[in-house]
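Asks: Residue numbers (our numbering), protein chains in the order written: chain A, -11 to 239; chain B, 1000 to 1407.
Quick reminder that beta carbons are idealized off the backbone N, C-alpha and C, glycines included.
#1: Leaving out five residues on either side along the sequence, give the residues of the same chain with a beta carbon under 7 Å from the beta carbon of residue 1262 (chain B).
#2: Got a sec, what are the start and stop residues for the alpha helix (DSSP H) residue 1039 (chain B) sits in?
#3: Please report how far the alpha carbon of residue 1039 (chain B) lies from the alpha carbon of residue 1344 (chain B), in whole angstroms.
#4: Would you call the segment 132 to 141 of chain A in contact with the segment 168 to 178 of chain A, where contact means no fewer than 3 C-beta pairs closer than 8 Å?
#5: Would you say residue 1392 (chain B) lies against chain A (beta-carbon separation less than 8 Å)?
#6: Are the C-beta of residue 136 (chain A) and some C-beta of chain B separated by less than 8 Å?
#7: Can you round the beta-carbon distance between residue 1034 (chain B) and residue 1294 (chain B) to whole angstroms, since I take them to be within the 8 Å contact cut?
#8: What's the gap between the Cα of residue -1 (chain A) and the Cα of residue 200 (chain A)?
#9: Where does residue 1194 (chain B) sit, in a helix, a strand or coil, going by DSSP?
#10: Going by DSSP, which residues form a beta bridge with residue 1359 (chain B)?
#11: Would you say residue 1317 (chain B) lies against chain A (beta-carbon separation less than 8 Å)?
#12: Measure the alpha-carbon distance for residue 13 (chain A) versus residue 67 (chain A) and round it to whole angstroms.
#13: Anything in the segment 111 to 137 of chain A with a Cβ closer than 8 Å to a Cβ of chain B? List those residues in chain order, please.
#14: Report buried or exposed for residue 1155 (chain B), applying the criterion of at least 16 other Cβ atoms within 10 angstroms of its Cβ.
#15: Going along chain C, which residues have a C-beta under 8 Å from residue 61 (chain A)?
#16: Taking three-plus beta-carbon pairs below 8 Å as touching, is the segment 147 to 155 of chain A in contact with the segment 98 to 113 of chain A?
#17: Using a C-beta to C-beta distance shorter than 7 Å, which residues of chain B count as neighbours of residue 103 (chain A)?
#18: Quick one: is residue 1012 (chain B) near chain A, going by C-beta distance under 8 Å?
#19: Whole angstroms is fine: what's the gap from residue 1149 (chain B)'s alpha carbon to residue 1112 (chain B)'s?
#20: Under 8 Å by Cβ, that's how I've got residue 1055 (chain B) and residue 1364 (chain B) pegged, so tell me the actual separation to the nearest angstrom.
#21: Could you check whether the Cβ of residue 143 (chain A) sits closer than 8 Å to any Cβ belonging to chain B?
#22: Using the three-state DSSP reduction, which class does residue 215 (chain A) fall into: helix, strand or coil?
#23: Apply the 10 Å Cβ neighbour rule to residue 1013 (chain B) and answer buried if 16 or more other Cβ atoms are within range, or exposed otherwise.
#24: Just the chain B side, please: which residues come within less than 9 Å of residue 146 (chain A) by C-beta, in chain order?
#25: For chain B, check one thing: does any of its Cβ atoms lie closer than 8 Å to the Cβ of residue 55 (chain A)?
#26: For chain A, check one thing: does any of its Cβ atoms lie closer than 8 Å to the Cβ of residue 1008 (chain B)?
#27: For the segment 1295 to 1317 of chain B, which residues have a beta carbon sitting closer than 8 Å to at least one beta carbon of chain A?
#28: Would residue 1146 (chain B) and residue 1211 (chain B) be called neighbours here (beta carbons separated by less than 8 Å)?
#29: Return the Cβ separation of residue 1330 (chain B) and residue 1394 (chain B) in integer angstroms, given the expectation that the two are a contact with Cβ distance under 8 Å.
#30: Where do the N-terminal and C-terminal ends of the alpha helix (DSSP H) with residue 1312 (chain B) fall, by residue?
#31: Just to confirm the assignment: which complete alpha helix (DSSP H) runs, minimum length 4, are found wholly within the segment 145 to 228 of chain A?
#32: Between which two residues does the alpha helix (DSSP H) harbouring residue 1244 (chain B) extend?
#33: Whose Cβ in chain B lies nearer than 8 Å to the Cβ of residue 84 (chain A)?
#34: CB-CB under 6 Å to residue 1161 (chain B), same chain, minus the five flanking residues each way: which ones, in chain order?
#35: Between which two residues does the beta strand (DSSP E) holding residue 1103 (chain B) run?
#36: Mapping DSSP to helix, strand and coil, what is residue 1189 (chain B)?
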């Protein structure tokens, strides 16, 4: 019975479209004569609609991996194919355009633009994409409502709590409907309740809008939100666990 | 080409970010605008004062030394002959508003204490002199000469102990109404009453003495015909700039002799004031350099504080060109606002000193600014702001995204 279920699950998984394909990804940092190998060649795939957690101890290379996937950095070797595009081969301008179109990014420390209000922070990517004013205002307001900030549209980041700022950052990362949302320990700077709100929201977008999310976390209690966990240790892929399957297994 | 396309595509966002950035830190904006404005002021104002000073020096020299045009005898002659005829011809030329022939001689004044002051005598027709110079307006004690005054003399302030501004010349102890011994260069010594003391606060003109032609006829024992000569003829034109045209007409009328414009006659003095102007322009240039360095440092610090933000914008997918354009637009606004503030401030200050001239040893100086000075200073400060904004921002946007975000 269990074997049959595994077969069914695998079949379902293989039917899913591969959104990110990582092949032998390595990242080395050189400081003088010392070479630090943050990633030593990892390979994995992420499917459309998945909520994937990248976990591992501090210094394992999980954030480094996320930075490479999010096109914030250049890998030393290896390939990253996102939505069918080998991103390593993109020019700088194309990488910028790719980030604007396909990627949303939520940082650990919110990283909103202090000069802009919540609404302006959120609609900025759409405005950059050249969308009409009525459209970007509508979309940004709608998203801020979804994250529960309809009363905070004209507030600047310094007028918001940490949790609210992170929700603004999330709305900004999602407003242009990116193919993938990357989140780098988005709850690390928040209290438990605020962190829970963020995670619930992420899960909500994943579940109801099939938003693909790749999130770095080092908190074991967050595993329950993920469909899959990729564990990295010492720059190598330690384990790739299908949580959905395990949940069923437990059942 | 692609880069240009990106700049155009991102203009809307660049403008948006620039305006938001400018308005967010209003104190910073005000500070930069004030600094640029003061840079503008320092550039324009010092030059305007020197310009005013130059104009004042020239004006005084024109008024009392040279007129707009000065006719002197041919180099091999002592006097200009047939002066009456020259006067008539000159006054017929459009633009000529006054003419005054002078006969210059040497005299020695001796006061009651025996103090002697050698100086230059000018024999004039007071009415004609009043049309060509400001002698009448410059009387500071006593009164001006009239056409038929005899036995009286006008004395320059710088050769009187009481009224002199500087001790440049030997001076006599005398005031209007008192008598003084005058020894003329023909050996005649005569006691004359001091009719008045004149002074225009200009060291180059306040040391002459004046007597009328009527008095000179007695002193030099000359007839009207013999007095129809001049050592120099001062011609006053309606305004500056007409000199060349008037000289052309004078020559057409057959007037000979050495005919000078005031610029030619002033020679070294004119070169000196021109040199002062260059010095003031250099001072203005230093003002611009200081303003530029200040703007550069302030914008640089501003950009340094925004490294994280630049990194986030790049991470979001806002291209470098748009970010750079937004900083250049900010600098453009700094330049325009600062320049405008500086322009208004300078106009206000110049306006104040026009109504309340600056009191200098030479007299009252009104600052003079040519429109081109405003335009040049504005353009230089605007260009400085753009450069000061461009390079720090260009450096910051080149930075690796992660370094900018996590180390900014």
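Replies: Here's the rundown:
#1: Here residue 1262 (chain B) is taken as the residue at index 263 of the second chain, counted from 1. Here the set comprises 1269.
#2: The sequence position of residue 1039 (chain B) within the second chain is 40, counting from 1. Run containing residue 1039 (chain B): 1025 to 1060, per the alpha helix (DSSP H) assignment.
#3: Looking up residue 1039 (chain B) in the second chain gives position 40. Looking up residue 1344 (chain B) in the second chain gives position 345. Approximately 9 Å, taken between the alpha carbons.
#4: no
#5: The residue you call residue 1392 (chain B) lines up with position 393 of the second chain. For residue 1392 (chain B), the answer is no, since every Cβ of chain A falls outside 8 Å of its Cβ.
#6: Reading the first chain from its first residue, position 148 is the one you call residue 136 (chain A). No, no contact with chain B.
#7: In the second chain, the residue the question calls residue 1034 (chain B) occupies position 35. In the second chain, the residue the question calls residue 1294 (chain B) occupies position 295. That belief holds up - the Cβ atoms of residue 1034 (chain B) and residue 1294 (chain B) are roughly 7 Å apart, short of 8 Å.
#8: Counting from 1 along the first chain, the entry for residue -1 (chain A) is found at position 11. Counting from 1 along the first chain, the entry for residue 200 (chain A) is found at position 212. Confidence at residue -1 (chain A) is low in this model, with a pLDDT of 45, below 50, so the placement of that residue should be treated as unreliable; the coordinate-derived value is given next. Using only the alpha carbons, I get a separation of about 19 Å.
#9: If you number the second chain from 1, residue 1194 (chain B) lands on position 195. Three-state DSSP puts residue 1194 (chain B) in a strand.
#10: Position 360 of the second chain, counting from 1, holds the residue named residue 1359 (chain B). Answer is B:1362, bridged to residue 1359 (chain B).
#11: For the purposes of this step, residue 1317 (chain B) is identified with residue 318 of the second chain, where counting begins at 1. Residue 1317 (chain B) counts as touching chain A.
#12: For the purposes of this step, residue 13 (chain A) is identified with residue 25 of the first chain, where counting begins at 1. For the purposes of this step, residue 67 (chain A) is identified with residue 79 of the first chain, where counting begins at 1. For residue 13 (chain A) and residue 67 (chain A), the distance between alpha carbons rounds to 6 Å.
#13: 112, 113, 115, 116, 118
#14: Here residue 1155 (chain B) corresponds to residue number 156 of the second chain, with the count starting at 1. Under this definition residue 1155 (chain B) is a buried residue.
#15: In the structure shown, chain C cannot be found, because the protein chains are A and B.
#16: yes
#17: The count along the first chain starts at 1 and reaches residue 103 (chain A) at position 115. Those within 7 Å of residue 103 (chain A) in chain B are 1019, 1020, 1023.
#18: One-based indexing of the second chain puts residue 1012 (chain B) at position 13. So, interface residue.
#19: Taking the second chain and counting its residues from 1, one reaches residue 1149 (chain B) at position 150. Taking the second chain and counting its residues from 1, one reaches residue 1112 (chain B) at position 113. Answer to the nearest angstrom: the Cα atoms are 24 Å apart.
#20: The residue given as residue 1055 (chain B) occupies position 56 in the second chain. The residue given as residue 1364 (chain B) occupies position 365 in the second chain. Indeed, because the Cβ distance is near 5 Å, the residues count as touching under 8 Å.
#21: As a working mapping, residue 143 (chain A) is identified with position 155 in the first chain. Closer than 8 Å: no.
#22: For this step, residue 215 (chain A) is matched to residue 227 along the first chain. Residue 215 (chain A): coil per DSSP, three-state reduction.
#23: Counting from one through the second chain, the residue named residue 1013 (chain B) turns up at place 14. Buried: at least 16 other Cβ atoms inside 10 Å.
#24: Residue numbering aside, residue 146 (chain A) sits at position 158 when the first chain is read from its first letter. Near residue 146 (chain A) there are no residues of chain B at all, since even the closest Cβ is about 10 Å away, more than 9 Å.
#25: Working through the first chain from its first residue, we reach residue 55 (chain A) at position 67. True, the Cβ-Cβ gap to chain B drops below 8 Å.
#26: For the purposes of this step, residue 1008 (chain B) is taken as residue 9 along the second chain, with counting starting at 1. True, the Cβ-Cβ gap to chain A drops below 8 Å.
#27: 1307, 1308, 1311, 1312, 1313, 1314, 1315, 1316, 1317
#28: To locate residue 1146 (chain B), count along the second chain from 1; it is residue 147. To locate residue 1211 (chain B), count along the second chain from 1; it is residue 212. Cβ atoms of residue 1146 (chain B) and residue 1211 (chain B): closer than 8 Å.
#29: Looking up residue 1330 (chain B) in the second chain gives position 331. Looking up residue 1394 (chain B) in the second chain gives position 395. Not a contact, Cβ separation roughly 14 Å.
#30: The sequence position of residue 1312 (chain B) within the second chain is 313, counting from 1. Where residue 1312 (chain B) is concerned, the enclosing alpha helix (DSSP H) stretches over 1306 to 1315.
#31: 150 to 162, 180 to 197
#32: Locating residue 1244 (chain B) in the second chain gives position 245, where the first residue counts as 1. 1242 to 1251 is the extent of the alpha helix (DSSP H) around residue 1244 (chain B).
#33: If you number the first chain from 1, residue 84 (chain A) lands on position 96. Per Cβ cutoff of 8 Å: 1313, 1316, 1317, 1318, 1319.
#34: For the purposes of this step, residue 1161 (chain B) is identified with residue 162 of the second chain, where counting begins at 1. 1174, listed in sequence order.
#35: Translated into positions along the second chain, residue 1103 (chain B) becomes position 104. First-last of the beta strand (DSSP E) with residue 1103 (chain B): 1095 to 1109.
#36: The residue labelled residue 1189 (chain B) in the question sits at position 190 within the second chain. It is a strand residue.
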